[in-house]
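Only one structure is covered here, and it is reproduced in the block below.
Residue numbers (our numbering), protein chains in the order written: chain A, -19 to 94; chain B, 22 to 135.
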């Protein structure tokens, strides 16, 4: 069984600043993947960034990057130069072997202050 | 462009009614998923299917059933709706063997059971 924990129900950041969203996970799988999804208000869930557990290098997608600490089972998301369009619910998720669905955290509501 | 559609954005039903939530994807994906999203609980997997007529229980299948008669369509059925099934329901899909890849989500159906 997998568990994903997001300890920050809500975060607020000034526009143009950097914010880090925390996520820890637990899994018995040796091969797994980690994801950050974004859900804007009243809009569809979209993938922000993905990390393969076997890769040591942290994934980066433009202003979004992760800090993947495998031993600590930590997978935080850093958003640089925050923009108003970044305001959303952010979900951390993990997947293991097979065709099973994703295991999600409870989400972090990110507020961008203009 | 990848597309997952759900039959209704908003639905209001009465206790005891039989409710059908429909999901269609146009990407020829083998895997399809139904999640339930509740504030403070994140997304929880109800059922998933990895092929036509195949189904597997997720983490919270009680009170729900599913149907997959065609590859592109995955239906969630509430046999006798109850007020505790008031929630946002999200459908997702991805290709076979790609558990490590992103899932593509529909816009969600917000169901209210009175």
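The C-beta atom is built at its ideal place from N, Cα and C for all residues, glycine as well.
Contact of residue 132 of chain B with chain A by beta-carbon distance below 9 Å is absent, the smallest such distance being about 16 Å.
Below 8 Å, enough C-beta pairs join the segment -6 to 10 of chain A and the segment 62 to 82 of chain A to call them touching: three or more. Spanning the alpha carbons of residue 116 of chain B and residue 37 of chain B requires a straight line of approximately 35 Å.
Assignment of beta strand (DSSP E) within the segment 37 to 81 of chain A, counting only whole runs of 3 or more residues, yields 44 to 49, 54 to 59, 68 to 75 in chain order. By the Cβ neighbour-count rule, residue 71 of chain B is buried, with 16 or more other Cβ atoms within 10 Å of its own.
If you compare the alpha carbons of A:80, A:75, A:71, A:93 with that of residue 86 of chain A, the shortest gap goes to A:71.
The beta carbon of residue 19 of chain A lies closer than 6 Å to those of 25, 68, 69 in the same chain, with the five residues before and after it left out. The beta carbons of residue 66 of chain B and residue 112 of chain B sit no closer together than 9 Å. Between residue 84 of chain B and residue 81 of chain A the beta-carbon gap is near 18 Å, outside 8 Å, which marks them as no contact. Listed by position along chain A, the residues whose Cβ is nearer than 9 Å to that of residue 123 of chain B are 15, 17, 26, 27, 30.
Under the three-state reduction of DSSP output, residue 104 of chain B falls in the helix class. When Cβ-Cβ separations below 9 Å define contact, residue 128 of chain B makes contact with chain A. Proximity of residue 65 of chain B to chain A, defined by a Cβ-Cβ separation below 9 Å, is satisfied. DSSP lists A:93 as the beta-bridge partner residues of residue -6 of chain A. When the Cα atoms are used, residue 22 of chain A and residue 127 of chain B turn out to be separated by approximately 12 Å. Annotation: residue 97 of chain B to residue 38 of chain A spans about 37 Å, alpha carbon to alpha carbon. Counting only Cβ-Cβ distances below 8 Å, residue 111 of chain B has contacts in chain A at 25, in chain order. When the beta-carbon positions are compared, residue 53 of chain A and residue 5 of chain A come within less than 9 Å of each other.
For residue 109 of chain B, the secondary structure class from DSSP, reduced to helix, strand or coil, is strand. Non-local beta-carbon contacts of residue 104 of chain B in its own chain, meaning distances under 8 Å to residues more than five positions away in sequence, involve 36, 134, 135 in chain order. Residue 45 of chain B sits in a strand when the DSSP states are folded into three classes.
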